[in-house]
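Q: Have a look at this one before I ask anything.
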Amino acid sequence: MSAIVIIPTYNERDNLIELTERLLALPLALDVVFVDDSSPDGTGKLADELTRSHPQISVIRREQKLGYGSAVIEGFRTALKGDYAWILQMDADLSHDPAAIPALIRAASDHDLVLGSRYIGGVRVIDWEIGRVLLSWMSNGYARAVTRLPVRDITTGFRCFRRQALEALNLAQLQAAGYGFQIEVAYRIWRSGGRLAEVPITFYGRQKGISKLSKRMIVEAAVLVWRLRLSRVQGI
């Protein structure tokens with residue numbers, strides 16, 4: 232059975248061609264879905280052009296910027312309409328190396344969610360600003376302390392889901408719009424009895440384009456982990 236990778240995009244035109252070439256060079260039956268939030272830099276238009284020469288690629292064009300979480304959910308819904316065994320998620324900024332995808336899929340053969348981790352043995356981190364390293368490290372430590380999730384990299388956006396795990400997940404229940412979405416999805420799969428694993432990756436700092444991380448997203452994630460903790464106490 233084949234795999235599909237969901238890639239939310241917003242102003243990632245400069246990275247799209249290289250990312251596509253690297254994905255399609257993998258020795259896998261792999262489809263790609265770009266979910267574009269009406270990028271003003273023409274990312275969606277370029278993605279449409281790529282579909283003409285690459286039938287493995289499809290594009291969801293949204294009429295406005297609706298947010299990271301809803302983009303991934305829309306990609307999930309599209310993927311679940313197919314017969315894919317593995318559903319992956321990654322960023323469009325070339326921070327995630329597609330070469331790690333086979334390892335993620337192998338680990339997902341006996342796990343429900345596999346995280347491409349920046350915080351376990353065997354990881355390489357290249358050209359990542361020290362400020363972002365510290366922010367990510369502290370955010371993950373905080374989220375782990377509150378949620379008790381048994382993994383090191385809760386906020387990674389490089390993931391592989393076993394199809395059954397996403398089918399069992401109530402997508403309508405997910406609330407986070409920003410990068411807290413990563414925490415919420417991992418938490419809900421874990422709390423429902425899902426098996427989580429981590430695979431070390433090579434992580435690259437952004438070279439082109441602008442980071443989408445905002446103070447609002449950081450605050451949302453900080454509050455979210457306590458909502459999740461409370462839902463556990465209440466048995467929700």
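Each number in our numbering corresponds to the 1-based position in the sequence shown with 231 added.
Glycine is no exception: its CB is placed at the ideal position from the N, C-alpha and C atoms.
According to DSSP, what are the bridge partners of A234?
A: L261 and W317
Q: Which value, in whole angstroms, describes the spacing of the CA atoms of I385 and A417?
A: Those two C-alpha atoms are separated by around 7 Å.
Q: Give me the DSSP bridge partner(s) of P239.
A: V266
Q: Return yes when the Cβ of E249 is within less than 8 Å of the Cβ of L325, no when it is not.
A: yes
Q: DSSP three-state call for L402: helix, strand or coil?
A: Three-state result, L402: helix.
Q: Do you know offhand how far Q465's Cα is from D343's?
A: The predicted position of Q465 is uncertain, since its pLDDT is 48 and thus under 50; a value taken from the coordinates is nonetheless stated next. Cα to Cα, the separation comes out at about 25 Å.
Q: According to DSSP, is Y299 part of a helix, a strand, or is it coil?
A: helix
Q: Cβ of I432 within 8 Å of Cβ of R349?
A: yes
Q: Using three-state DSSP, classify R308 as helix, strand or coil.
A: helix
Q: Nearest chain D C-beta to D245 closer than 8 Å, yes or no?
A: Among the chains in the structure shown there is no chain D, since it carries only a single protein chain.
Q: Would you call the region 363-373 and the region 391-399 touching, i.e. three or more CB-CB distances under 8 Å?
A: No, because fewer than three Cβ pairs between the region 363-373 and the region 391-399 fall closer than 8 Å, the two stretches do not touch.
Q: Enumerate in chain order the residues of its own chain whose CB-to-CB distance from V322 is below 6 Å, with the five nearest sequence positions on each side excluded.
A: Reading off the sequence, residue 322 comes out as Asp, not Val. Answer for D322: G388, listed in chain order.
Q: How is T433 classed by DSSP in three states: helix, strand or coil?
A: strand
Q: Rounded to the nearest angstrom, what separates I467 and R308 at their Cα positions?
A: Only weak support exists for where I467 lies, its pLDDT of 48 falling under 50; the coordinates are left without a value.
Q: Can you tell me which of D272, W421 and I332 puts its alpha carbon nearest to the alpha carbon of V382?
A: W421
Q: Please confirm whether D291 and E305 have their CB atoms less than 8 Å apart.
A: The identity of residue 291 in the sequence shown is Ile, whereas the question assumes Asp. Yes; because the gap between Cβ atoms is below 8 Å, this pair is in contact.
Q: Would you report the Cα separation of A428 and G273, rounded to the nearest angstrom?
A: Distance between the alpha carbons of A428 and G273 is about 36 Å.
Q: How would you call R393, buried or exposed, if buried means at least 16 neighbouring beta carbons within 10 angstroms?
A: buried
Q: Grouping DSSP H, G and I as helix and E and B as strand, with all else coil, what is I336?
A: helix
Q: Give the C-beta separation of L297 and T251 to the nearest angstrom, bearing in mind that I take them to be a contact with Cβ-Cβ under 8 Å.
A: Not a contact, Cβ separation roughly 23 Å.
Q: Which of the three DSSP states, helix, strand or coil, is assigned to D245?
A: helix
Q: Select from V377, R426 and N401 the residue whose C-alpha is nearest the C-alpha of L455.
A: V377
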